[in-house]
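Number of protein chains: 2
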Amino acid sequence: MPIELRLADQQPLERSDAARNREALLAAAQRLIDRCSVEGVTMDAVAHEAGVGKGTVFRRFESREGLMAAVLNRSETEWQAAAIGGPPPLGPGAEPMERLLAFGHSRLRLNLTHGALINAAGHAGARSYAAVSFSAMHVRYLLTAIGVQGDIPLLATALMAPLEVVILEQQVRTEQMDIERIQAGWDDLVRRVVAG
Amino acid sequence: MPIELRLADQQPLERSDAARNREALLAAAQRLIDRCSVEGVTMDAVAHEAGVGKGTVFRRFESREGLMAAVLNRSETEWQAAAIGGPPPLGPGAEPMERLLAFGHSRLRLNLTHGALINAAGHAGARSYAAVSFSAMHVRYLLTAIGVQGDIPLLATALMAPLEVVILEQQVRTEQMDIERIQAGWDDLVRRVVAG
DNA sequence: AGGCCAAACGGACCGCGGTCCGCTTCTATT
DNA sequence: AATAGAAGCGGACCGCGGTCCGTTTGGCCT
Chain A
33 MPIELRLADQ QPLERSDAAR NREALLAAAQ RLIDRCSVEG VTMDAVAHEA
83 GVGKGTVFRR FESREGLMAA VLNRSETEWQ AAAIGGPPPL GPGAEPMERL
133 LAFGHSRLRL NLTHGALINA AGHAGARSYA AVSFSAMHVR YLLTAIGVQG
183 DIPLLATALM APLEVVILEQ QVRTEQMDIE RIQAGWDDLV RRVVAG
Chain B
33 MPIELRLADQ QPLERSDAAR NREALLAAAQ RLIDRCSVEG VTMDAVAHEA
83 GVGKGTVFRR FESREGLMAA VLNRSETEWQ AAAIGGPPPL GPGAEPMERL
133 LAFGHSRLRL NLTHGALINA AGHAGARSYA AVSFSAMHVR YLLTAIGVQG
183 DIPLLATALM APLEVVILEQ QVRTEQMDIE RIQAGWDDLV RRVVAG
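Residue numbers (the numbering used here), protein chains in the order written: chain A, 33 to 228; chain B, 33 to 228.
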């Protein structure tokens, strides 16, 4: 009688060929994104580049958004690690206010450079929510550490919202604002919110 | 020799059948949106409902986003009129601060009810920019009237950003916040920003 | 009225995201 | 090593957004 003695390994185990294909697909996707733009990458192309059938791509990643989210997840995870445990001023060691400002600057840059990929990843399931959630949690923590009074979750959202890709693209692309100005504006916003 | 004596009528004139078809298409789209959801409306269905060919739909509205933007435009225009010239507290007659708060509440409600349509309209050309631009202009004007010091365009963006559909859907759908709380949070944000 | 031609029309056609189902392959068990 | 069956695989297939081009129509000029 098989008792499934995998410890707390929740997922029902992944077959070796499946794992190999997942890696191949992620690598293929990354390669194609680098070669053409994000928008130019088709699912058929990814499947072909990885040397698998199209069905396999969708089995692994659900949808195009899911695949993009998985690709995005790599750099995102790395960035999250830097925010939690990296060197100051982003990581611990600096004053909370300083960390918050560094966090915003970093996120702003990241959202501009990865904008296309973030858009392509869309709102695909838990992955994208995790990304949003991480930032929200971190900003909430920093606001609390600073000693801000009020509805912290909402204030955190208010600070993160102007850094959303849609907003930034509007400002940079359509209104021709330069990044320094946007950054300065965000710093100003933070100061006003914190001052209460 | 035809001198084209249309005054400042910039558009090169629209043929009567074209005008008829445009109206028919908008009406058909509206009808289908009411019947099914926005997401369930296909371009073929709109064409068929209006009794025209598919090519005609794309000739008139460029893309699905364009068509949705045109449908959205009707209610949006009406709302803009209310903001500029309607009764207080939204329209003129109330104090600027009161108007700003009313503006935010109204926009929040509107973005939630028309969320699907706004998303479907996407960033389709000048139409959507006009909508964004109107709100931005109005908020800038009110901030100036209140006497706020600083980079007004950026502050206006910072206030509008948390009212974006993406943000609101995240809060309401995923985080289960209720609307009163979000509204109160926005009021608080405005107060902090205005207080400087 | 008649005729000219730019503008508008319609629907066949294409590429892409996504699904489905019959076939193959891996792994656990004896 | 043999085997059973679950998990994975692949590619034909579908619907939708969007394009293209041969045909029709409406407006103007004689």
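Even for Gly, the Cβ is constructed at its ideal location relative to N, Cα and C.
Closer than 9 Å to chain A by CB, residue i
| i | result |
| --- | --- |
| residue 225 of chain B | yes |
| residue 202 of chain B | yes |
| residue 66 of chain B | no |
| residue 189 of chain B | yes |
| residue 45 of chain B | no |
Contact list for residue i against chain A, beta-carbon separation under 7 Å
| i | result |
| --- | --- |
| residue 193 of chain B | 193, 194, 196, 199 |
| residue 164 of chain B | 202 |
Any chain B beta carbon closer than 9 Å to residue i
| i | result |
| --- | --- |
| residue 98 of chain A | no |
| residue 52 of chain A | no |
Residue i classed as buried or exposed, judged by whether at least 16 other C-beta atoms fall within 10 angstroms
| i | result |
| --- | --- |
| residue 115 of chain A | buried |
| residue 45 of chain A | exposed |
| residue 194 of chain A | buried |
| residue 85 of chain A | exposed |
| residue 160 of chain B | buried |
| residue 192 of chain B | buried |
| residue 152 of chain B | buried |
| residue 125 of chain A | exposed |
| residue 202 of chain A | buried |
| residue 156 of chain A | buried |
| residue 217 of chain A | buried |
Within chain B, partners of residue i - CB distance below 9 Å
| i | result |
| --- | --- |
| residue 161 of chain A | 202, 206 |
CB of residue i within 9 Å of CB of residue j, strictly
| i | j | result |
| --- | --- | --- |
| residue 200 of chain A | residue 188 of chain A | no |
| residue 154 of chain A | residue 196 of chain A | no |
| residue 65 of chain B | residue 144 of chain B | no |
| residue 136 of chain B | residue 219 of chain B | yes |
| residue 82 of chain A | residue 61 of chain A | yes |
| residue 104 of chain A | residue 150 of chain A | yes |
| residue 91 of chain A | residue 224 of chain B | no |
| residue 190 of chain A | residue 168 of chain B | no |
| residue 198 of chain A | residue 198 of chain B | yes |
Under 9 Å from the C-beta of residue i: neighbouring residues of chain A
| i | result |
| --- | --- |
| residue 182 of chain B | 217, 220, 224 |
| residue 186 of chain B | 194, 203, 209, 213, 214, 216, 217, 218, 220, 221 |
7 Å Cβ shell around residue i - same chain, five flanking residues per side excluded
| i | result |
| --- | --- |
| residue 172 of chain A | 184, 185, 188 |
| residue 108 of chain B | 163 |
| residue 138 of chain A | 122 |
| residue 215 of chain B | 137, 140 |
| residue 133 of chain A | 219, 222 |
| residue 41 of chain A | No answer about residue 41 of chain A holds up, because its pLDDT of 44 lies below 50 and its placement is not dependable. |
| residue 63 of chain B | 81 |
Sequence-distant residues of the same chain with beta carbon closer than 6 Å to residue i, five excluded per side
| i | result |
| --- | --- |
| residue 94 of chain B | none |
| residue 148 of chain B | 70 |
| residue 112 of chain A | 166 |
| residue 128 of chain B | 174, 177, 178 |
Contacts that residue i makes with chain B (C-beta to C-beta distance below 8 Å)
| i | result |
| --- | --- |
| residue 228 of chain A | 224, 227 |
Cβ neighbours of residue i in the same chain (closer than 8 Å, five flanking residues each side left out)
| i | result |
| --- | --- |
| residue 123 of chain A | 114, 115, 116, 117, 131 |
| residue 89 of chain A | 57, 75, 78, 79, 82, 99 |
| residue 53 of chain A | 82, 84, 88, 92 |
| residue 228 of chain B | 180, 181, 182 |
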